[in-house]
Each structure stands twice: as C-alpha cells, then as structure tokens.
Amino acid sequence: MNLMPEFSHALVVCISAIFTQNILLSYFLGLCPFIGSSREIKSALGLGAAVIFVMTCTCALNWLVYHKVLVPLHLEFFRFIMFIIVIAAFVQFVEMAIDRLSPSLYQKLGVFLPLITVNCAILGASLFMVIRDYNFISTVGYGLGSGTGWFMAIVVMANIRTRLNNDAIPKGLQGAGITLIIVGIMALAFIGFTGVLAGK
Amino acid sequence: MKRREIKNLVYEGLWKNNPVFVQVLGICSTLAVTNLVLNTIVMCAALVLTLSLSALTVSILREFTPRNIRMMVETLIIAFYVIIIDVLLKAYWPHMSESLGPYVGLIITNCIVMGRCEACAISNPPFKAILDAIFNAFGYSFILLIIATIREVLGMGTFLGFNVPYFSSQYWDKWTIMVMPPSAFFVLAIIIWVFRSIQMSREDKKK
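In order, the protein sequences belong to chains A and B.
So the first sequence is residues 14 to 213, counted in our numbering.
So the second sequence is residues 331 to 537, counted in our numbering.
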C-alpha cells in the first residue's frame, strides 16, 4: 500500500496547524493557561512541551475512540464525555510519570498539570479533528502541529513578557491586558503566513 | 436569604469580581464567536444555561460527592448539560450549530463554569449557588456582547444582520481587521483596560 500521499497530507495539515491556523492565535483556544503561565520562560517551556505531548497522544486516542467505538455504536453525541474522560485519564498518567521521572519539573508544573485537563485547546483539537474528518495519520499530524503552534506561541510570549518587566505599563493594562495586546500583534503577524499553503 | 446578600452576589458577579476583566477566566471558547452579535447571543445563552444548571446540580449533589473525585463529577455534570444543548441546537437550529462549530462543546472546558462550581456551588446551598452562577454568567455575557457589537458594527457595518446607519454607508471604510481574529484580542484588551481603570479610580475615591 502506498502511504506517500497520506503522509504528505498529514505534513500539510501539521504545518498549517502551526502557522496559518494556529490553535491559539486564530481559534482562541487555550488562552487561560496561556495568560496564567507565560510569566517565566522555564515554566512556559515545560507547560508547552507537556501540551505538545498530551495533545498529540489524546488526538490519536480520541480518533480511535471516536471512529472505532462511538461511530459503530451510533453514539456520536456522546463524544464530549468520552473525549474528556480520555483526556483526564491521560493527564493523570502523565502527572504520575513526571512525578516519578523529574520531581523538580513536577514542582514547577504541579499547579498547571491538572489545568491541562480543562485546557480548551486539548479538547478543541480533538473536536476539530472530528469536524474536519481527518484520517488517522492526519490526526496525529494535526495534534502535533497544534501542540507545536501552542508551544511556540507561549515560549515567544514568555520571552516578550520577561522583557516587559521593567517597562512602565499603565496600571489597568498590567497583566492580562498587555498580554492580550501582544497576542493580538502576534496573531496579526501570523496572518502573514496565510497563503503559504493556499495552493493545497 | 437576606436581600443584602443577594444584592452583594449581583454586585460581585457583574462588577467587582467580573469573570472577564477581573478573573480573566473562560474567555477562550467564546472569543471566537464574537465576530457576529447573533452568534454571541446564542453562545452566551448556552453558557448561562449550562452554568446555572450545573451549579444547581453540583450544589444539590454536594453532600453525596466524595471530595477527591469532585472535579470528575463536576466535569461530567457540565458535559451532560452541554450535550443536551448541543443536541437541541443541532435539531432545531442546524444552521447556527454549524456556524458555532466546536465551540458549543468547548463550554465544557470553559474555565468559568468549572471555576464557579469549585468556588461557590460545591460548598453552598442551591439557591445561593444558582444566583451566583447566573450573575457571573451575566457579567461574562455583557462584556462579550460589547466586544461583539464593536466588532460587528466596525467590521461589517451591521448589527444583528441589520444595516447600521453611517457605518454601512459609503462614508465608512469597513475595518476588515475587525472580522479577523487579532481584533478580538485587541478589543478585549482595551475593554479590560477601561473597566479596570474605572474600578481603580472608584476604589481610590473610597479611600
């Protein structure tokens, strides 16, 4: 069986999920943890990496659950609950694994890991994957791309915010306000990527 | 329950502890639909329903919920109501359901729903929980409606699909950016700025 076209489709999906259809910058998903934990570069890196990993794995798992269990049983409307359960269970597993392997990372991310369960980006990626009717390989590509896009956005954001520390910002704009304006400018810049993949 | 307490809940939800500009919670799943006022109204209605019903349920079940699995129970309760809304919307308004896409389902992970269940409903009687939930949802909705109105009027010159005088005429250059994602961030940031400044100046006066 020739898998080449499928892989190239998955690659296109992956790249477009990173640049042209970034899950944070054009779909607004995962904003709460983004604003909450983009103060420090280190925690941004850790959380971003965790999101890439969790998103890729849960997208693949949810694809299997949806197409192999829910569709044959005609229980498609049940997908919200199934997806949430899969994600929660998986995050629990990751939490335990990080606790074992790297206690220092666990201490930094301890607060945020449960937040990944209610990170809309993770559930959002799974729901988009259903709506757009991706096949399995594209789903993995999409999960990886969306996670990478989110990771990139939060790391860039953390870098910008550490440079903002000494700047005089109006009092009402400090914290969330200025972060949102910077995200807006980033989103504006990412619009420039539209058209890169227009031929596909 | 005393009237003063109710008044306090209203004040907290709508203004002092507003979910959007004070707590900055749950903006993710709803910002995306603020390019049209109609979509925003439907989305906010869905949120008000989900939030109040799930707060009520969580509050009624609070004595039977084991403490260590309460998050899971809360999530399942929220998901239950969201599924009902999603199915109803698909059946009676398929066009709207299609244009909202995955965002109705994403109410499940909207932090404000979980936040109110955790902060209030899990430890308070049903009546207080539902009032708290409703006014938080209203506080959330009115900000989003402001954003949606600004974006639709400036970006398309319409309000709820009807032409607005001046903005839909040839004298107004439509701001295409307002229909695109970045503007949602900008408008939200400006709204946070304005409302926080008003809050701060009021607090200064009190002192």
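Glycine included, each C-beta is placed from N, C-alpha and C at the ideal position.
Between the alpha carbons of leucine 391 of chain B and asparagine 440 of chain B lies a gap of roughly 21 Å. Rounded to whole angstroms, valine 494 of chain B and arginine 176 of chain A show a C-alpha spacing of 43 Å. Looking only at A:Gly190, A:Ser139, A:Ile54, the smallest Cα-Cα distance to alanine 166 of chain A is reached by A:Ile54.
Relative to the Cα of glycine 445 of chain B, the nearest Cα in the group B:Lys536, B:Ile413, B:Glu335, B:Asn347 belongs to B:Asn347. Residue-level contact check: leucine 406 of chain B touches chain A, since one or more beta carbons of chain A fall below 8 Å from its beta carbon. Closest by C-alpha distance to alanine 62 of chain A, out of A:Ala181, A:Ile129, A:Tyr147, A:Asn148, is A:Ile129. One alpha carbon belongs to phenylalanine 41 of chain A, the other to leucine 430 of chain B, and they sit about 14 Å apart.
Close to alanine 463 of chain B, with beta-carbon spacing below 9 Å, lies no residue of chain A; the smallest spacing is near 17 Å. Taken through DSSP and simplified to helix, strand or coil, phenylalanine 492 of chain B comes out as strand. Cβ-Cβ separation between valine 354 of chain B and alanine 200 of chain A: approximately 18 Å, too far for a contact (criterion under 8 Å). The beta carbon of tryptophan 163 of chain A is closer than 7 Å to those of Ile36, Leu37, Gly43, Gly61, Val64, Ala134 in its chain, skipping five residues each way along the sequence.
Proximity of isoleucine 144 of chain A to chain B, defined by a Cβ-Cβ separation below 8 Å, is satisfied. The beta carbon of proline 349 of chain B is closer than 7 Å to those of Leu355, Gly356, Ile442, Asn466, Gly469, Tyr470 in its chain, skipping five residues each way along the sequence. In the DSSP annotation of this structure, the continuous segment of the alpha helix (DSSP H) that includes glutamate 404 of chain B starts and ends at 400–422. Contact between glycine 487 of chain B and serine 498 of chain B holds, since their C-beta atoms are separated by about 3 Å, short of 8 Å. The Cβ atoms of valine 67 of chain A and phenylalanine 103 of chain A lie closer than 8 Å to each other.
Per DSSP, the continuous alpha helix (DSSP H) segment holding glutamine 529 of chain B begins and ends at 511–536. With fewer than 16 other CB atoms across the displayed protein chains lying within 10 angstroms of its CB, serine 115 of chain A is exposed. Near chain B, meaning a CB-to-CB distance below 9 Å, the residues of the region 183–197 of chain A are Pro183, Lys184, Gly185, Leu186, Gln187, Gly188, Ala189, Gly190, Ile191, Thr192, Leu193, Ile194, Ile195, Val196, Gly197. Those residues of the region 151–163 of chain A placed with their C-beta closer than 9 Å to a C-beta in chain B do not exist.
Alanine 514 of chain B counts as buried, since no fewer than 16 other beta carbons sit within 10 angstroms of its beta carbon.
In the assembly as shown, serine 453 of chain B is an exposed residue. Its beta-carbon has fewer than 16 other beta-carbons within 10 Å.
Bounds of the alpha helix (DSSP H) holding aspartate 462 of chain B are 456–486. Using a CB distance cut-off of 8 Å, proline 396 of chain B does not count as an interface residue toward chain A. Taking every protein chain shown into account, the CB of tryptophan 423 of chain B has fewer than 16 other CB atoms within 10 angstroms, so this residue is exposed. Closest in C-alpha terms to isoleucine 336 of chain B, from the list B:Glu482, B:Ala421, B:Ser382, B:Ile460, comes B:Ile460. Using beta-carbon distances, serine 117 of chain A does not count as an interface residue toward chain B, since no partner is under 8 Å.
By the neighbour-count criterion, in which 16 or more other beta carbons inside 10 Å mark a residue as buried, aspartate 416 of chain B falls on the buried side. At least 8 Å separates the CB of leucine 177 of chain A from every CB of chain B. Taking a beta-carbon distance threshold of 8 Å, tyrosine 40 of chain A counts as an interface residue toward chain B.
Excluding five sequence positions before and after cysteine 27 of chain A, the CB atoms of its chain that fall closer than 6 Å to its own CB belong to Gly154, Leu157, Gly158, given in chain order. Scanning its chain for C-beta atoms nearer than 7 Å, with the 5 sequence neighbours on each side dropped, one finds around isoleucine 100 of chain A the residues Thr71, Thr130, Ile135, Leu136, in chain order.
Under the Cβ criterion of 8 Å, leucine 355 of chain B is counted among the residues facing chain A.
By the rule that beta-carbons nearer than 8 Å mark a contact, threonine 439 of chain B touches chain A. Here isoleucine 144 of chain A carries a helix assignment [DSSP, helix/strand/coil].
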